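Residue numbers (this note's numbering): 1 to 313. Ideal Cβ placement from N, Cα and C applies to all residues, glycine included. Because the structure is a prediction, the values reported are computed rather than measured.
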Amino acid sequence: MAGIELYAPRTERHRRTWTWAAILLAVVFIVLGMIPMAVLGLVFHIPIQPGINWMADSFQLYGFAGVILVFFLWVWLFERRSPRVLGFNDKAVPRYLRGLGIGFGFITAVVGGIWLLGGYQIESAGFWGAPSLTLLVPLIALFGGFMVQGATEEIAMRGYLLQIIASRHGIIWGIVVNMIIFSLLHAGNIEMSKELIIGLLNIVLVAVFLSFYAIQERSLWGVCAWHTAWNWLLGVGFGLEVSGMKLDAAPLVVDLMDRPGAIWWLTGGKFGPEASLVTSVVLSLGVAWLVWKGALKPKESYPAPVSAEKTAV
């Protein structure tokens, strides 16, 4: 399949990272970008472990900003391109707001489905049990943190890998490669347990869905917002595990817990709803919808400006 420019035009002055180098660099950049957070954590004795307190949780999430910086510098200094190539192009506000709405809708459908099937019960009223500014601050801080963390993963996978592989080898290879790397990076969050298979399936489905979403919209704004909304509402809205990790915050909507005796494949067990079959169904429906809308058949490369030089090969 012919290569395609997803998010921004490419001209002769632009460099294009080699395929295998791009795959390796994506992982290296993630590691390099996390080093400042690790160093600061050691210097200021901040625990690098989720769930201890909301400030430490926020610190870890905002620490992903270093990864964003590394990718931006590479694209700017080596590839001689702007952040538009990573998907930060037009209609930022409407696309981001729409992505938030879709993300909130997806996770609400998952949690609501598990609830209706008898998987959850209310543990407490969460934030609304005794609303206060003290309880509100962590919710806002964590939302900002998930904006950074969600954008980081999308820049690395759908912004950089999907884009560069699709540019050289076409859409299908771009989806497959970023899906594999994304799944391998997240697989370590799941312990060897009965939740592993469904958890891995859902990680693959998330990668495919977000790839289709980015391709369909020809932008990264929406998927960044979707990722933020999913993680934040899951962990901070309902008090449930995000990739097996529990956050320290009074849930904004309601504090849920697994109903005693609930089947593990319904609730996701120790890994949380991201290892639930309900999540598999919701994500599969999302993938099917985007395929039906033509996500696998983008018409052409992102249009170049009239003054642009001919596209490099």
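Beta carbon of residue i, beta carbon of residue j: below 8 Å?
i	j	result
L220	G159	yes
L252	F71	no
G170	I4	yes
L142	W54	yes
L184	I175	no
M192	G51	no
V27	T152	no
E274	N202	yes
G222	G145	no
F282	A125	With the sequence shown as reference, residue 282 is identified as Val, and Phe is not the correct amino acid for it. Not a contact, by the Cβ cut-off of 8 Å.
G103	W289	no
Terminal residues of the continuous alpha helix (DSSP H) containing residue i?
i	result
S167	162-169
D57	54-62
M192	Segment: none, M192 is in no alpha helix (DSSP H) and carries neither H nor E.
T19	19-43
L6	Where L6 is concerned, there is no enclosing alpha helix (DSSP H), given that its DSSP letter is neither H nor E.
I68	65-77
When the Cα atoms are used, what is the spatial distance from residue i to residue j?
i	j	result
L139	S132	11 Å
P83	N89	8 Å
F29	G105	32 Å
D57	I180	27 Å
L135	L77	43 Å
R10	M157	19 Å
G129	G235	17 Å
T228	M147	5 Å
G41	L73	24 Å
Q149	L61	5 Å
A249	R13	49 Å
R80	L6	17 Å
M34	K293	37 Å
V31	I164	20 Å
V287	L296	11 Å
W232	V137	14 Å
D258	Y120	5 Å
L25	G118	45 Å
V317	T17	Only positions 1 to 313 of the chain appear in this structure, which leaves residue 317 out of reach.
V177	V254	38 Å
L247	A65	20 Å
V278	R15	43 Å
For residue i, count neighbouring C-beta atoms within 10 Å of its own C-beta (all shown protein chains included) and say buried if the count is 16 or more, exposed if not.
i	result
G261	exposed
W20	exposed
V93	exposed
A2	exposed
V39	exposed
A312	Caution applies to A312, whose pLDDT of 34 falls short of 50 and renders its modelled position unreliable; the value that the coordinates give is listed next. With fewer than 16 other Cβ atoms within 10 Å, it is exposed.
R218	buried
L285	exposed
A187	exposed
I197	exposed
R95	buried
I190	buried
V43	exposed
I122	exposed
I215	buried
I172	exposed
Which residue comes first and which comes last in the beta strand (DSSP E) that contains residue i?
i	result
E123	120-124
L233	Counting along the chain, L233 falls outside any beta strand (DSSP E), and DSSP gives it neither H nor E.
M257	255-258
Counting pairs of Cβ atoms below 8 Å between the region 253-271 and the region 109-128, do you hit three or more?
yes
Would you check if there are 3 or more beta carbon pairs closer than 8 Å linking the region 233-250 to the region 206-213?
no
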